[in-house]
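This note's numbering applies: residue 124 is where the sequence shown begins, and numbers increase by one.
The beta-carbon is built from N, C-alpha and C at its ideal position, and this holds for glycine as well.
From a predicted model like this one, the values you see are computed outputs, not experimental measurements.
These notes are about the structure you will find just below.
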Amino acid sequence: SGCRSPDSHTVIPLDLSLYGELEAAAEDAWAKFGPIDILINNAGISQRYTALEGSVALDAKIMDTNFFGTVALTRPLVKKMVARKAGHVVVISSVLGLYGVQTRTAYAASKHALRGYFNSLRNEIVGSQVVITNIYPGYVMTNVSRNALKADGGAYGKVDAGHAAGILPDVCAKKIVRAIEADKAEVVIAKGKEWLGVVMTRFTPGLFRYISSRSSV
């Protein structure tokens, strides 16, 4: 219902945590609609608990959704893109794929894993005419914090201050489109302390660790 032309769009519900089913879903989509020119991986789940409060089961749920599900959906489509020598894979990661902060341990791990996987994949398929673009947004004004997992497995249930003051979704989307059009390899879309975190973790990592460990997120 949110689409401008809903009649020209098809929605295929998927649960990325059930990654054993995703290859068949990808094959089915390709068979029904023909070659997929651009795949944008934009699903995920966050957390609001510390490593010591959580459990392996909770961490695995985040990794299954954010990392393994994305890989499982992407792999069969990339094979087809490489075979036809055309295609573009976009991975919406996070600035937490570039650094880590408290209460985001498994989430940051999943986003670091995405960066490592897709940067490596880019090298493996060089010359195939298939483009890989990693996007690292900071806070965006969405409901991702409402659905974030707490230590008891329940939903956090509220919009935190960072997301409430985040980048507007349409502004973020336009920047993503520009990155796709320019065939960028990696793009950071952030402002304020998230952008500063990217810069500091690269050039003054010790100072970043000191400041971030004493700051709220």
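Own chain, CB closer than 7 angstroms to residue i, minus 5 neighbours either side, in chain order
{"i": "Q252", "result": "K208, A209"}
{"i": "G165", "result": "Residue identity differs from the one stated: residue 165 is Asn in this sequence, not Gly. Once the five neighbours on either side are set aside, the close Cβ partners of N165 are I215."}
{"i": "P199", "result": "E146, A149, E150"}
{"i": "T324", "result": "L221, Y222, F331"}
Residue environment, residue i, which counts as buried when at least 16 other CB atoms sit within 10 Å
{"i": "P158", "result": "exposed"}
{"i": "S339", "result": "exposed"}
{"i": "Y333", "result": "exposed"}
{"i": "V179", "result": "exposed"}
{"i": "G320", "result": "buried"}
{"i": "R171", "result": "buried"}
{"i": "C295", "result": "buried"}
{"i": "S131", "result": "exposed"}
{"i": "N257", "result": "buried"}
{"i": "L175", "result": "exposed"}
{"i": "T327", "result": "exposed"}
{"i": "V254", "result": "buried"}
{"i": "V249", "result": "exposed"}
{"i": "T197", "result": "buried"}
Range covered by the alpha helix (DSSP H) that runs through residue i
{"i": "H286", "result": "284-287"}
{"i": "I161", "result": "Looking at the DSSP string, I161 is not in any alpha helix (DSSP H); the run it does join, the beta strand (DSSP E), is 161-164."}
{"i": "T324", "result": "315-326"}
{"i": "D130", "result": "Careful: D130 lies outside any alpha helix (DSSP H) and carries neither H nor E."}
{"i": "E150", "result": "145-156"}
{"i": "L291", "result": "No alpha helix (DSSP H) contains L291, which DSSP labels as neither H nor E."}
{"i": "D187", "result": "That residue, D187, is in no alpha helix (DSSP H); it is neither H nor E in DSSP."}
For residue i, the first and last residue of its enclosing beta strand (DSSP E)
{"i": "E309", "result": "309-312"}
Residues near residue i in its chain [Cβ-Cβ closer than 6 angstroms; skip 5 each side]
{"i": "L139", "result": "A166, T188, G192"}
{"i": "K273", "result": "R171, Y172, Y279"}
{"i": "I290", "result": "V263"}
Proximity test, Cβ basis, 8 angstroms: residue i and chain D
{"i": "D293", "result": "Among the protein chains of the structure shown there is no chain D, as only one such chain exists."}
Sequence-distant residues of its chain with Cβ nearer than 8 angstroms to residue i (five each side left out)
{"i": "K345", "result": "The chain is shown from 124 up to 340; residue 345 falls before or after that span and cannot be answered."}
At a cut of 8 angstroms, does the stretch 215-234 reach the stretch 187-194 through at least three beta carbon pairs?
Touching, per the Cβ criterion.
May I ask you to verify whether the stretch 303-323 touches the stretch 257-276, counting CB pairs closer than 8 angstroms and requiring at least 3?
The stretch 303-323, when compared against the stretch 257-276, does touch it at the 8 angstroms Cβ threshold.
Enumerate, from N- to C-terminal direction, the unbroken beta strand (DSSP E) stretches of 3 or more residues contained entirely within the stretch 200-277.
Entirely contained in the stretch 200-277, the beta strand (DSSP E) runs reaching 3 residues are, in chain order, 210-215, 253-260.
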